[in-house]
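Quick note on the working numbering: the sequence shown kicks off at 1 and runs consecutively.
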Amino acid sequence: MRTVSGDTRFTTAAPDRGPGGSRNGIKARDAEPDDAGADDAEPSDAGLIEASLTVPERFAGVFDRHADEIHAYAGRRLGPEHADDVTAETFLVAFRKRHRYDTSRPDARPWLYGIAGNLISGHRRSEVRRLRALARAPRDAGERGAHEEERGAERASAAALRPALAAALARLSSAERDLLLLVAWADLSYEEAAEALSIPIGTVRSRLHRVRAKLRRHLDLPEENV
1 MRTVSGDTRF
11 TTAAPDRGPG
21 GSRNGIKARD
31 AEPDDAGADD
41 AEPSDAGLIE
51 ASLTVPERFA
61 GVFDRHADEI
71 HAYAGRRLGP
81 EHADDVTAET
91 FLVAFRKRHR
101 YDTSRPDARP
111 WLYGIAGNLI
121 SGHRRSEVRR
131 LRALARAPRD
141 AGERGAHEEE
151 RGAERASAAA
161 LRPALAAALA
171 RLSSAERDLL
181 LLVAWADLSY
191 EEAAEALSIP
201 IGTVRSRLHR
211 VRAKLRRHLD
221 LPEENV
């Protein structure tokens, strides 16, 4: 077990998927209950982060809301063998940097995905190897055709990637793949993707246009299908 910072009680732990165990290898230990007079309304992510500056245990609420989807995203990108570590480190980094969070942004998802993406960048070779292995996998007996390839380019799960799509993703640059999968798998808006990657929204639009053109060429699809 490792304490995140000082003597706080927000910790990481070995994965425990049994009843009452931690999720995704992280848990908030002995979190203090809310004050009896607290408002019934759920605080925003920004509110929890701001409160955690004086009561560190409040950051556990951010983990509870978003750990599952960060874990799923990391697993899609890198496989289950890396998902626990990336998820744990994402929230450790977020906890340490919470004083820098822009509390005018109520939803912390783009911020967390940006941190996760930076950590995933340390596993680029693993991701490309995974995609290339999926590209070599035999096709399903029931051929779905090019339309399903195109549809997968926007909404596929890595566990079910068609070989041609996996090969196409492997041929993208890391920056192109990051942006495409934040929109396709994390379901971020263009504005949220721009926030996550710390780039202008105009760059998001132009880069996605180029990525779609590349996918169209790699998958041999007509323009209207991407």
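Think of the CB as a built atom: it goes at the ideal place given N, C-alpha and C, for glycine as much as any other residue.
These numbers were taken from a predicted model, which means no experiment stands behind them.
Asked	Found
What does the Cβ neighbour count give for A133, buried or exposed, with the cut at 16 atoms within 10 Å?	exposed
Alpha carbon to alpha carbon, how far is S52 from P110?	19 Å
For A60 versus A74, is the C-beta distance shorter than 9 Å?	no
May I ask you to report which of helix, strand or coil DSSP gives I199?	coil
Please give the ranges of any alpha helix (DSSP H) in the region 38-70, keeping only runs that are unbroken, at least 4 residues long and fully inside the region.	45-52
Leaving out the 5 sequence neighbours to the left and right, which residues in its chain are closer than 7 Å to R205 when beta-carbon positions are compared?	Y190
What's the gap between the Cα of R265 and the Cα of R77?	Residue 265 is absent from the model: the chain starts at 1 and stops at 226.
If you drop the 5 nearest sequence neighbours on each side, which residues of the same chain put their C-beta closer than 6 Å to that of A186?	Y73, Y113
Report the three-state DSSP secondary structure of P110 (helix, strand or coil).	helix
What is the rounded straight-line gap between the Cα of P56 and the Cα of A196?	24 Å
On a CA-only basis, which of S44, P80, V183 is nearest E108? Give me that one, please.	The question names Glu, but residue 108 in the sequence shown is Ala. The option with the nearest alpha carbon to A108 is S44.
Take R65 as the anchor and find which of I120, L165, E42 has the nearest alpha-carbon.	E42
Could you spell out the range, first to last residue, of the alpha helix (DSSP H) harbouring R227?	Nothing can be reported for residue 227, as the shown portion of the chain is limited to 1 through 226.
Alpha carbon to alpha carbon, what distance is there between D85 and R96?	16 Å
Alpha carbon to alpha carbon, how far is A137 from L208?	27 Å
Going by CA-CA distance only, name the one from H218, V211, A164 that's closest to S174.	V211
Can you tell me whether DSSP reads D220 as helix, strand or coil?	coil
I need the boundaries of the alpha helix (DSSP H) containing S174, first residue and last residue.	174-184
Check A137 in the structure and name its three-state DSSP category.	coil
Going by CA-CA distance only, name the one from P200, L181, A46, E192 that's closest to H99.	A46
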